[in-house]
Every structure is written in structure tokens, then in C-alpha cells.
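**Q**
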Amino acid sequence: MAQVIVISGAGSGFGALTARALADAGNIVYAGIRETTGRNAGRVRGAQTYAREHGVDLRTTELDVSSQASVDTAVARIVRDAGRLDVVIHNAGHMVNGPTEAFTPEQLAQVYDTNVLSTQRLNRAALPHLRGQGHGLVLWVGSSSTRGGTPPYLAPYFAAMAAMDALAVSYAAELARFGIETSIVVPGSFTSGTHHFASAGTPGQRRTRRSIRACWPPSRGGSRSWRHRTPTPRAIKQVQYRHQRALDIRLADIGTTLVQWDALRAIGRLPGASAHELAAETFQSDQAFGTLAGRLLAQGLIERRPGRRKRIEHHLTSAGTRVSEAGYPIAEEVLGGTLAPLTEAERATLLALLRRVVAEPASDAARAK
Numbered sequence: 028m029a030q031v032i033v034i035s036g037a038g039s040g041f042g043a044l045t046a047r048a049l050a051d052a053g054n055i056v057y058a059g060i061r062e063t064t065g066r067n068a069g070r071v072r073g074a075q076t077y078a079r080e081h082g083v084d085l086r087t088t089e090l091d092v093s094s095q096a097s098v099d100t101a102v103a104r105i106v107r108d109a110g111r112l113d114v115v116i117h118n119a120g121h122m123v124n125g126p127t128e129a130f131t132p133e134q135l136a137q138v139y140d141t142n143v144l145s146t147q148r149l150n151r152a153a154l155p156h157l158r159g160q161g162h163g164l165v166l167w168v169g170s171s172s173t174r175g176g177t178p179p180y181l182a183p184y185f186a187a188m189a190a191m192d193a194l195a196v197s198y199a200a201e202l203a204r205f206g207i208e209t210s211i212v213v214p215g216s217f218t219s220g221t222h223h224f225a226s227a228g229t230p231g232q233r234r235t236r237r238s239i240r241a242c243w244p245p246s247r248g249g250s251r252s253w254r255h256r257t258p259t260p261r262a263i264k265q266v267q268y269r270h271q272r273a274l275d276i277r278l279a280d281i282g283t284t285l286v287q288w289d290a291l292r293a294i295g296r297l298p299g300a301s302a303h304e305l306a307a308e309t310f311q312s313d314q315a316f317g318t319l320a321g322r323l324l325a326q327g328l329i330e331r332r333p334g335r336r337k338r339i340e341h342h343l344t345s346a347g348t349r350v351s352e353a354g355y356p357i358a359e360e361v362l363g364g365t366l367a368p369l370t371e372a373e374r375a376t377l378l379a380l381l382r383r384v385v386a387e388p389a390s391d392a393a394r395a396k
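If you're matching positions, the sequence shown starts at 28 in this note's numbering and goes up one per residue.
(1) Please classify Gly110: does DSSP put it in a helix, a strand, or coil?
(2) Is any heavy atom of the ligand NAD found at a distance shorter than 7 Å from the C-beta of Gly317?
(3) Just verifying my parser: in three-state terms, what is the DSSP assignment at Tyr180?
(4) Suppose you measure from the CA of Asn142 to the CA of Ile116; what does that come to, to the nearest Å?
(5) Buried or exposed: where does Ile34 fall if 16 or more other Cβ atoms within 10 Å of its Cβ makes it buried?
(6) Of the residues Ala306, Ala346, Arg382, which one's Cα is nearest the Cα of Thr173?
(7) In whole angstroms, what is the alpha-carbon distance linking Ala393 and Gly347?
(8) In chain order, which alpha helix (DSSP H) runs of at least 4 residues are fully inside the region 316-391?
(9) Could you say which of Phe41, Gln314, Ile105, His156 lies nearest to Ala200 if we only look at CA atoms?
(10) With distances taken between CB atoms, is the gap from Arg72 to Ile60 smaller than 8 Å?
(11) Taking Pro189 as the reference, give the member of Gly82, Ile211, Ala43 with the closest Cα.
(12) I'd like to know whether the C-beta atoms of Leu343 and Gly295 end up nearer to each other than 8 Å.
(13) Suppose the cutoff is 6 Å on Cβ atoms and the five residues either side in sequence are ignored; what does the same chain contact list for Thr259 look like?
(14) CB-CB under 6 Å to His121, same chain, minus the five flanking residues each way: which ones, in chain order?
(15) Cβ of Ala290 within 8 Å of Cβ of Leu319?
(16) Quick check on Arg86: does DSSP put it in helix, strand or coil?
(17) Kindly indicate which three-state DSSP category His121 falls into: helix, strand or coil?
(18) Please report the straight-line C-alpha distance between Val88 and Thr63, rounded to a whole angstrom.
(19) Using the C-alpha atoms, what's the distance from Gly317 back to Ala397?
(20) Provide the residue span of the beta strand (DSSP E) that contains Glu208, from first to last.
(21) Could you compute how far the alpha carbon of His162 sits from the alpha carbon of Leu202?
(22) Taking Arg349 and His341 to be in contact with their CB atoms under 8 Å, please state how far apart those CB atoms are, rounded to whole angstroms.
(23) Using the Cβ count rule (16 or more neighbours within 10 Å means buried), how would you classify Ala395?
(24) Quick check on Val123: buried or exposed, where buried means 16 or more other Cβ atoms within 10 Å of its Cβ?
(25) Just checking my contact of Phe41 with Val213 at CB under 8 Å: how many whole Å lie between their CB atoms?
(26) So with Cβ pairs under 8 Å, would you call Asp192 a contact of chain C?
(27) Please report the straight-line C-alpha distance between Phe12 and Ser94, rounded to a whole angstrom.
(28) Taking 8 Å as the threshold (C-beta atoms), are Val114 and Gln30 in contact?
(29) Helix, strand or coil for Val196 per DSSP?
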């Protein structure tokens with residue numbers, strides 16, 4: 028059955044890509060875009076063209092997440108036109124980039140409004156309908172920064188995303204009794220396909236920015252700009268994406284995915300571990316790992332056993348062990364392909380450099396294999 032879905036911030040980036048993918052899957056998708064008759068009219072036409080050329084039900088709706096009136100009107104229109112609303116996707120967000128000290132309190136409040144309060148506005152408009160139906164899904168697009176990985180000069184954005192993550196977890200517990208599910212998606216870092224960095228805001232206090240730059244020693248090129256002193260590991264991300272994509276495709280041969288295999292490996296390394304421990308081991312939120320574990324349980328790959336007190340332990344089944352073990356030669360083969368352009372000496376050098384970066388003793392690396 029087709030789901031009726033609304034996505035905030037769907038004019039570009041993840042939102043637009045997700046709207047198209049969900050429409051391609053046969054759903055009725057409302058792409059929430061602000062200023063649909065103004066500066067974003069071109070994006071509306073783009074969505075309409077895509078719907079027409081691909082024969083999908085992709086619609087646009089005026090949705091400004093900074094305005095409760097706009098959100099209320101959009102949700103009311105969706106329910107009126109489609110008869111119901113099944114899925115709410117919180118995707119709208121805004122990044123800022125710069126020395127944290129140089130942002131004014133008002134700027135931090137604006138970042139919080141866009142990334143956190145916007146979700147509350149949409150929830151207040153949509154949840155009464157989902158609760159009345161007795162079913163629904165609220166999906167939050169989060170940030171990997173909430174689970175570690177926090178480079179400098181993005182603190183206001185990271186703080187807001189941490190707040191959104193905490194709000195999502197609390198909502199999950201409250202909504203479950205009404206048949207409304209919750210998921211948090213953490214996409215990771217993407218260097219293309221979005222306007223996240225290109226449209227990022229900057230600090231408002233130029234005097235503070237100049238003061239901070241003046242305290243830094245110049246870089247090789249003589250620049251004191253904080254932008255130039257923050258490396259952009261594009262090449263590393265490209266290699267990582269290519270490798271993970273290749274491994275994910277190959278793991279399909281044994282009926283699993285990279286995310287599932289990583290979870291099976293973690294359970295194999297830590298038999299009897301709790302969901303919280305395994306979430307930390309696999310760099311996921313508790314909610315995300317709980318959903319993943321539910322899928323593995325349904326596939327007969329893991330089992331849950333009662334532990335001490337209220338602890339729930341996770342163990343591999345025989346089928347899970349087979350899948351886990353079958354993935355290792357595939358992973359070795361894919362890794363060999365990824366590193367094929369390097370000589371043995373270059374591979375050894377790369378390993379030594381990576382160990383230096385993470386300060387990992389050789390014995391620890393051996394145990395991690």
C-alpha cells in the first residue's frame with residue numbers, strides 16, 4: 028500500500044533525493060519547500076518535471092518550518108487532499124561554519140530554531156492525525172556528530188543536532204503507545220549531492236574572527252584563515268565511499284548488507300552485549316541499532332536472551348554465525364581491490380600512518396581484525 032509522506036526541506040539535497048526515491052517506490056510524496064512561488068519556484072518546477080517524466084506521484088507543498096502557520100496549513104492540505112498522513116520526515120536543517128566564539132547568541136538561537144524547533148512545529152501539526160489513525164512513522168534525519176566525529180568550527184550546528192537527537196529519542200518512547208514508530212537516520216558526511224556546506228552560514232562578529240585569525244601562525248601559503256587551516260579530507264571520503272559501496276554490493280551475494288554484517292560482527296565479538304553496548308560498538312544511536320537488531324531477529328540471524336536484572340543480551344544464531352563468517356573473505360577481497368593501486372611498501376606506509384593518526388598500538392589492531 029502506498030504511504031502518504033511529507034518531507035521538510037525537500038527543495039534540494041537529501042530532501043529532494045529522498046522525495047524522488049520514495050515516489051519512485053510508489054508512494055505519495057509531498058515535498059515541503061518554502062517560497063514555492065518565489066526564489067524556489069525553479070525547484071518546484073523541477074519536482075513537477077520529475078513526476079511527469081517518471082510517472083510518479085511527487086507533489087510539492089509550501090512548507091516553511093520556521094512558521095507554525097505555514098506548517099499547519101501544509102499538513103491540513105495534505106490530509107485534505109490525500110485523506111491521511113502516514114510518514115513525517117524531519118529533513119530541514121541549516122549548517123553554519125566558523126569559529127564558535129564568533130557566533131552571536133542570536134545566531135545560535137537561529138540555528139537551534141531551524142534544526143530543532145522546526146521539528147516541534149511539524150510534529151504539533153502532524154501527530155494528532157497519526158495518533159488518530161493509530162499508526163505512523165516519524166523519521167528524523169540526524170547527524171553522525173551525535174555519535175562522535177566532531178571536527179572543529181561546526182559547533183553550533185552539532186549542538187543543535189544533538190538537541191534534535193535527544194528530542195527524537197524522547198519522542199520515540201512517548202509515541203510508541205499510539206502505534207507511531209520512530210527512526211533516526213544518520214547519513215554521515217557527503218561531499219556532493221547537497222548544498223550543506225555551500226549554503227552554510229558564517230559567524231556574525233567579524234571583529235572576533237579577525238582576532239582569532241591574528242593569534243594563529245600563518246600557514247605555508249601565508250594565510251591565517253580558519254578555512255584554510257581546516258583540512259577537507261575529500262580523497263579519504265571518496266575512497267571510503269567507493270570501498271563501502273563495493274562491499275555492500277558484494278555482501279548482497281550472501282543475503283546481507285554492510286550495516287547488517289557490521290552488526291553481526293559486533294555481536295560475534297561481544298556475545299551477550301546489550302543493545303546500548305552494541306550501538307556504541309557500531310557507531311549508531313540506541314534507537315537505530317534497536318531497529319536494526321529487530322530486522323536481524325526477524326531474519327533468524329540473532330537471538331535475544333534475558334540477562335541479569337533487566338539486561339537483554341544479544342547472541343548470534345548458527346545462521347548468523349554463517350553469514351558473519353562468510354562475509355570475511357568477501358571483505359578481504361574487496362579491501363584488496365580498494366588497495367590494488369598501492370604496492371606492498373605503500374600499504375605498509377599507509378597502515379603506519381593510520382596507526383599514528385588513531386594512536387592505535389599494533390597489538391590492538393591485530394585483535395580488531
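Each residue gets a CB set at the ideal place from its N, CA and C atoms; glycine is no exception.
Since the structure is predicted, the reported quantities are computational estimates derived from the model, not experimental observations.
**A** Answer, in terms of the structure:
(1) In the sequence shown, residue 110 corresponds to position 83, counting from 1. If DSSP states are grouped into helix, strand and coil, Gly110 belongs with coil.
(2) Although the ligand NAD was asked about, the structure shown includes no ligands whatsoever.
(3) Numbered from 1 along the sequence shown, position 153 holds the residue referred to as residue 180. If DSSP states are grouped into helix, strand and coil, Tyr180 belongs with coil.
(4) As a first step, residue 142 must be located in the sequence shown, where it is residue number 115. As a first step, residue 116 must be located in the sequence shown, where it is residue number 89. Roughly 13 Å separates the two Cα atoms.
(5) Here residue 34 is taken as the residue at index 7 of the sequence shown, counted from 1. Looking at its Cβ environment, which holds 16 or more other Cβ atoms inside 10 Å, Ile34 is buried.
(6) Taking the first residue of the sequence shown as position 1, residue 173 is located at position 146. Per the Cα distances, Ala306.
(7) Taking the sequence shown and counting its residues from 1, the one referred to as residue 393 is at position 366. Taking the sequence shown and counting its residues from 1, the one referred to as residue 347 is at position 320. Only weak support is given to the placement of Ala393: the predicted model assigns it a pLDDT of 41, under 50, and the value that follows is read from those uncertain coordinates. Rounded to the nearest angstrom, the two C-alpha atoms are 23 Å apart.
(8) Whole alpha helix (DSSP H) segments, 4+ residues: 345-365, 371-385.
(9) Indexing the sequence shown from 1 puts residue 200 at position 173. The candidate whose alpha carbon is nearest that of Ala200 is Gln314.
(10) Here residue 72 corresponds to residue number 45 of the sequence shown, with the count starting at 1. Here residue 60 corresponds to residue number 33 of the sequence shown, with the count starting at 1. Their beta carbons are not under 8 Å apart, which means Arg72 does not touch Ile60 by this criterion.
(11) Within the sequence shown, residue 189 is the residue found at index 162, counting from 1. Going by the sequence as given, residue 189 is Ala instead of Pro. The residue with the shortest Cα to Cα distance from Ala189 is Ile211.
(12) On the sequence shown, position 316 is the one that residue 343 refers to. On the sequence shown, position 268 is the one that residue 295 refers to. Cβ atoms of Leu343 and Gly295: closer than 8 Å.
(13) Along the sequence shown, one-based indexing puts residue 259 at 232. At Thr259, the pLDDT of 46 sits below 50, so the modelled position is not reliable; the number obtained from the coordinates is stated separately. If we look at Thr259 and ignore the five residues flanking it on each side, it has no Cβ neighbours.
(14) Looking up residue 121 in the sequence shown gives position 94. Same-chain partners within the cutoff: Thr141.
(15) Along the sequence shown, one-based indexing puts residue 290 at 263. Along the sequence shown, one-based indexing puts residue 319 at 292. Going by C-beta atoms, Ala290 is nearer than 8 Å to Leu319.
(16) The residue given as residue 86 occupies position 59 in the sequence shown. DSSP places Arg86 within a strand segment (E or B) once states are collapsed to three.
(17) Taking the first residue of the sequence shown as position 1, residue 121 is located at position 94. It is coil, neither helix nor strand.
(18) Taking the sequence shown and counting its residues from 1, one reaches residue 88 at position 61. Taking the sequence shown and counting its residues from 1, one reaches residue 63 at position 36. The sequence given here places Thr at residue 88; Val does not occur at that position. The straight-line gap from Cα to Cα measures roughly 8 Å.
(19) Since the displayed the chain opens at 28 and closes at 396, residue 397 lies outside it and no answer follows.
(20) By one-based count along the sequence shown, residue 208 stands at place 181. Element bounds for Glu208: 207-212.
(21) Taking the sequence shown and counting its residues from 1, one reaches residue 162 at position 135. Taking the sequence shown and counting its residues from 1, one reaches residue 202 at position 175. Distance between the alpha carbons of His162 and Leu202 is about 10 Å.
(22) Counting from 1 along the sequence shown, the entry for residue 349 is found at position 322. Counting from 1 along the sequence shown, the entry for residue 341 is found at position 314. At roughly 17 Å, the Cβ-Cβ gap does not stay under 8 Å, so Arg349 and His341 are not in contact.
(23) Here residue 395 corresponds to residue number 368 of the sequence shown, with the count starting at 1. Annotation note: pLDDT 39 at Ala395 (below 50); position unreliable, coordinate value reported separately. Result: exposed.
(24) Taking the first residue of the sequence shown as position 1, residue 123 is located at position 96. Buried, by the Cβ-count rule.
(25) Here residue 41 corresponds to residue number 14 of the sequence shown, with the count starting at 1. Here residue 213 corresponds to residue number 186 of the sequence shown, with the count starting at 1. Not really, about 12 Å apart at Cβ, beyond 8 Å.
(26) Absent from the structure is chain C; it holds one protein chain and no more.
(27) Limits of the chain in this structure are 28 at one end and 396 at the other, which puts residue 12 out of reach.
(28) Taking the sequence shown and counting its residues from 1, one reaches residue 30 at position 3. Taking the sequence shown and counting its residues from 1, one reaches residue 114 at position 87. Cβ atoms of Gln30 and Val114: closer than 8 Å.
(29) Residue numbering aside, residue 196 sits at position 169 when the sequence shown is read from its first letter. In the structure shown, the three-state DSSP call for Val196 is helix.
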